[in-house]
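Novice: Protein chains in written order, with the numbering used here: chain U, 2 to 188; chain P, 2 to 292. Below is one structure. I have some questions about it.
Shown next, in the form of structure tokens:
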């Protein structure tokens, strides 16, 4: 999202809330801890609000928010010296069956598939998790990702290729189950 | 890198929309005749589809949204005094850990302030957050559809066929109205097809339409998970339509019979005219009034 000539930075900042799911996902991908991820997102918006006045017209707010979040996280890691890896909360790992649908089987397939994707991504090294999240879920360009990660676009490209190969292997069972189940649901 | 490797490499670039102009044309020409690249494209597309069906990977809680929106509201409204702004920012900083509070009275004061803030703002803020989330989902879905990243699961111009297709697939009773046009009438739009999309922990129904040069999408979800709020309000036949322009698209949302609808288009027209997409037989009857 970029600022339009008629849009003031402040108004656009309010619209930045649309990226909250993406920022929260990115935070969870980095921290693997719900509470830390929420704090990280909150801190990101707080800093963004403070810095909004210095943002130039034409800036890419989405990339800017993701960059802020990443910088905060890695600053925190540096301060702690060692990264604390905590398992995801129970509520994030568990499949929620409470919301029943008319077709419980279709609902189940969707839930299981989503959970398999989450688990597979969380098994990747953090470098791979980042590029997969930023490209496949946030649809950022190689250059935008390179800016956020502070590395060349070529590195993004090669890292993404390796991450996809690894992810495909991790999700191979999900592919088969998903294809089978979706066919069943559609028929 | 030999020519074969280069083309394999281009499959990823092609899927990621990173090829431009001549490179794109060359690759498309190559792809038409290369079974290996077609196979690789299919494999990579399958992975992409699986990941895209899982969007968003995680959802921020309503509480987190409310806290962030509260901070933004104070920041951008221009009505809130600077002192309150600073207080909310400080609150957001402080509320992250009880260990940061040395003296109990500060914790008590903060909790009291959070409570008052919650009583006054949170119900509205939470509703706005859910409404904004639904509009954002509708916009993202529409953009993905326009980009060809969200292929339809049924292609049909028949509302009855699409209604039948959704039966049992979505967790609500969804029926498209049957066409009211007379045999010689020229419809202003054409139904293209439909598909399921993930929304929250459930499914929403996406139905797409085409006008002359524009694509229109209609996202339908249960009102339990999707709300409408804000924008310019237009009343017609007891329904209130919320019209807003966001990210260059027109978005109209409304709720009726337990379902929430979001119509997204890039039509360069007024809110009332946009409503005529679904109500073209009302075009000359002055059925819509803007408030």
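Glycine is no exception: its CB is placed at the ideal position from the N, C-alpha and C atoms.
#1: Taking any Cβ of chain B, which residues in the region 21 to 34 of chain U have a Cβ under 8 Å from it, in chain order?
#2: By the DSSP assignment, the alpha helix (DSSP H) with residue 155/U in it spans what residues?
#3: CB residue 45/U to CB residue 66/U, shorter than 8 Å?
#4: Between the alpha carbons of residue 37/U and residue 261/P, how many angstroms are there, rounded?
#5: With 16 other CB atoms within 10 Å as the buried threshold, where does residue 54/U fall?
#6: Cβ of residue 57/P less than 8 Å from any chain U Cβ?
#7: Residue range of the beta strand (DSSP E) that residue 190/P falls in?
#8: Quick one: using the 10 Å Cβ neighbour count with 16 as the cut-off for buried, is residue 81/U buried or exposed?
#9: Does the CB of residue 169/U have a neighbour CB from chain P at under 8 Å?
#10: Can you tell me where the alpha helix (DSSP H) with residue 50/U in it begins and where it stops?
#11: Here's the rule I'm using: 16 or more other beta-carbon atoms within 10 Å means buried, otherwise exposed. How should residue 124/U be labelled?
#12: Helix, strand or coil for residue 33/P? Go by DSSP, reduced to three states.
#13: Residues of chain P with CB under 9 Å from residue 42/U, in chain order?
#14: Provide the residue(s) that pair with residue 262/P in DSSP beta bridges, ordered along the chain.
#15: Are the C-beta atoms of residue 193/U and some chain P residue less than 8 Å apart?
#16: If you follow the alpha helix (DSSP H) that residue 242/P is in, where does it begin and where does it stop?
#17: Name the one or two DSSP bridge partners that residue 204/P has.
#18: How many Å lie between residue 71/U and residue 165/P at the Cα?
#19: Going by beta carbon distance, what residues of the same chain come within less than 7 Å of residue 248/P, once the five residues before and after it are set aside?
#20: Just reading off the beta strand (DSSP E) that residue 235/P is part of, what are its end residues?
#21: Touch check for the region 233 to 242 of chain P and the region 195 to 213 of chain P: three-plus C-beta pairs under 8 Å?
#22: Between residue 54/P and chain U, is any beta-carbon pair separated by less than 8 Å?
#23: Using DSSP with H/G/I as helix, E/B as strand and the rest coil, what is residue 76/U?
#24: Using 8 Å as the Cβ pair cut-off and three pairs as the minimum, do the region 118 to 134 of chain U and the region 143 to 161 of chain U touch?
#25: Below 7 Å CB to CB, which residues in the same chain sit around residue 177/P once its five sequence neighbours on both sides are set aside?
#26: Following the continuous alpha helix (DSSP H) through residue 22/U, name the residue where it begins and the one where it ends.
#27: Of all the options 147/P, 25/P, 13/P and 241/P, which has the alpha carbon lying nearest to the alpha carbon of residue 218/P?
#28: So what's residue 18/P in DSSP terms, helix, strand or just coil?
Specialist: Judging by the given coordinates:
#1: Looking for chain B here will not work: the only protein chains present are U and P.
#2: Its alpha helix (DSSP H) spans residues 154 to 171.
#3: Cβ distance < 8 Å, so residue 45/U and residue 66/U count as in contact.
#4: Rounded to the nearest whole angstrom, the C-alpha separation of residue 37/U and residue 261/P is 33 Å.
#5: Counting Cβ neighbours within 10 Å, residue 54/U comes out exposed, since fewer than 16 surround it.
#6: Closer than 8 Å to some Cβ of chain U, the Cβ of residue 57/P qualifies, so yes.
#7: Here residue 190/P belongs to no beta strand (DSSP E), and DSSP marks it neither H nor E.
#8: Exposed, since its Cβ has fewer than 16 Cβ neighbours within 10 Å.
#9: For residue 169/U, the nearest beta carbon of chain P is closer than 8 Å to its own beta carbon.
#10: Looking at the DSSP string, the run of the alpha helix (DSSP H) that includes residue 50/U is 35 to 52.
#11: The residue is exposed, with fewer than 16 neighbouring Cβ atoms inside 10 Å.
#12: Residue state, collapsed to three classes: coil.
#13: Within chain P, the residues near residue 42/U are 61, 65 and 69.
#14: Paired residues: 221/P and 255/P.
#15: The first residue shown for chain U is 2 and the last is 188, placing residue 193/U beyond what the model contains.
#16: No alpha helix (DSSP H) holds residue 242/P; the beta strand (DSSP E) holding it covers 240 to 247.
#17: BP columns for residue 204/P point to 199/P.
#18: One C-alpha to the other measures close to 46 Å.
#19: For residue 248/P, where only same-chain residues beyond five positions count, the Cβ hits under 7 Å are 140.
#20: From DSSP, the beta strand (DSSP E) with residue 235/P extends over 233 to 237.
#21: Three or more Cβ pairs closer than 8 Å define a contact, and the region 233 to 242 of chain P falls short of that threshold against the region 195 to 213 of chain P.
#22: By this cut-off, residue 54/P is an interface position.
#23: Three-state result, residue 76/U: helix.
#24: The region 118 to 134 of chain U, when compared against the region 143 to 161 of chain U, does touch it at the 8 Å Cβ threshold.
#25: Excluding residues within five positions, the ones whose Cβ falls inside 7 Å are 160, 163, 164 and 208.
#26: From DSSP, the alpha helix (DSSP H) with residue 22/U extends over 21 to 32.
#27: 147/P is the residue among 147/P, 25/P, 13/P and 241/P whose C-alpha sits nearest the C-alpha of residue 218/P.
#28: If DSSP states are grouped into helix, strand and coil, residue 18/P belongs with coil.
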